[in-house]
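Engineer: Numbering (my numbering), first residue to last: 373 to 583.
A virtual CB, placed ideally from N, CA and C, is assigned to each residue, including glycine.
None of these values were measured; they are calculated from a predicted model.
Right, I'll just put the structure down here and ask away after.
Written out as structure tokens, the structure reads:
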């Protein structure tokens, strides 16, 4: 899958990229109750404008993305000085309160995630084949402290081809219920291409969150 995504970015085949902030983020993030100043993890972030929205709402952002081209385009489209450095095998770009780690999400470990207190997944889970999604859900849980809140946008679709892949509500619950309190927030309207988004709030389970 690494080669597939890198090739798509190199060739500019990025129909999954939105030219505007996702409306579900605008609608639902304020209701999660994430305290301003909380650092938000954005896995497989691409060059998503959602990261700028989070930063504008007083959240430091840590995005992780395999494609260097995606991250370079993100900072080119932004404002402000860009600093670059290496850490733990990742090439890192920082612009304002957004830091972008270029590398494999599964190589990002808990020691690097010490300041993270929330997360946002708009197109990470649905970018992964079925065999990798369980690993993703478990790895995410290891990076997030108990009580941390996040927003997940999933996708169901007609047909089995992907990416993006079909991940229905039953699979979302199966993947995340062991480590998160999972709440379904809404289903989007069916689209002409057969896609339909669903939006979920997740809270990392722990001594003070389990019911």
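With 16 as the cutoff for other CB atoms within 10 Å, does residue 542 come out buried or exposed?
Structural biologist: By the neighbour-count rule (16 or more Cβ atoms within 10 Å), residue 542 is not buried but exposed.
Engineer: Taking residue 435 as part of the beta strand (DSSP E), name the residues at either end of that continuous run.
Structural biologist: Per DSSP, residue 435 belongs to the beta strand (DSSP E) from 433–437.
Engineer: Does the count of Cβ pairs from the region 407–415 and the region 446–465 closer than 8 Å reach three?
Structural biologist: They do not touch, by the three-pair rule.
Engineer: Rounded to a whole number of angstroms, what is the C-alpha to C-alpha distance between residue 481 and residue 473?
Structural biologist: Their backbone Cα atoms lie some 12 Å apart in a straight line.
Engineer: Enumerate in chain order the residues of its own chain whose CB-to-CB distance from residue 561 is below 6 Å, with the five nearest sequence positions on each side excluded.
Structural biologist: Within the same chain, residue 561 has no close Cβ partners at all.
Engineer: In angstroms with no decimal places, state the Cα-to-Cα distance between residue 401 and residue 393.
Structural biologist: The alpha-carbon atoms of residue 401 and residue 393 are separated by roughly 12 Å.
Engineer: Report yes if the C-beta distance between residue 539 and residue 572 is below 8 Å; otherwise report no.
Structural biologist: Their beta carbons are not under 8 Å apart, which means residue 539 does not touch residue 572 by this criterion.
Engineer: Quick check: what's the CA-CA separation for residue 554 versus residue 470?
Structural biologist: Cα to Cα, the separation comes out at about 27 Å.
Engineer: Would you decide whether residue 460 is buried or exposed? Buried here means 16 or more other CB atoms lie within 10 Å of its CB.
Structural biologist: Looking at its Cβ environment, which holds fewer than 16 other Cβ atoms inside 10 Å, residue 460 is exposed.
Engineer: Under 8 Å between the Cβ atoms of residue 519 and residue 578?
Structural biologist: Their beta carbons are under 8 Å apart, which means residue 519 touches residue 578 by this criterion.
Engineer: Consult DSSP for residue 421 and reduce its assignment to one of helix, strand or coil.
Structural biologist: It is coil, neither helix nor strand.
Engineer: Pull up the distance between the alpha-carbon of residue 456 and that of residue 445, whole angstroms please.
Structural biologist: Approximately 14 Å, taken between the alpha carbons.
Engineer: Applying the 10 Å Cβ sphere with the 16-neighbour rule, what's the burial state of residue 496?
Structural biologist: Residue 496 is buried by the Cβ-count criterion.
Engineer: Using CA atoms only, rank isn't needed, just tell me which of 399, 524, 489, 409 is closest to residue 574.
Structural biologist: The shortest Cα separation from residue 574 among 399, 524, 489, 409 belongs to 524.
Engineer: Buried or exposed for residue 422, please, with buried defined as at least 16 other CB atoms from any protein chain shown within 10 angstroms of its CB.
Structural biologist: With 16 or more other Cβ atoms within 10 Å, it is buried.
Engineer: How is residue 561 classed by DSSP in three states: helix, strand or coil?
Structural biologist: If DSSP states are grouped into helix, strand and coil, residue 561 belongs with coil.
Engineer: To test your reading of the DSSP string, which unbroken beta strand (DSSP E) runs of 3 or more residues are found completely within the region 477–542?
Structural biologist: Complete beta strand (DSSP E) runs here, min 3: 488–493, 521–529.
Engineer: Whole-angstrom Cβ separation of residue 500 and residue 508, contact assumed at under 8 Å?
Structural biologist: Correct: roughly 6 Å between the Cβ atoms.
Engineer: Return helix, strand or coil for residue 459, following the three-state DSSP convention.
Structural biologist: Strand.
Engineer: If you follow the alpha helix (DSSP H) that residue 407 is in, where does it begin and where does it stop?
Structural biologist: That residue, residue 407, is in no alpha helix (DSSP H); it is neither H nor E in DSSP.
Engineer: Strictly by DSSP, which residues pair up with residue 576?
Structural biologist: Note: residue 576 sits in a beta bridge opposite 552.
Engineer: Taking DSSP as the reference, what is the three-state secondary structure of residue 414?
Structural biologist: Residue state, collapsed to three classes: strand.
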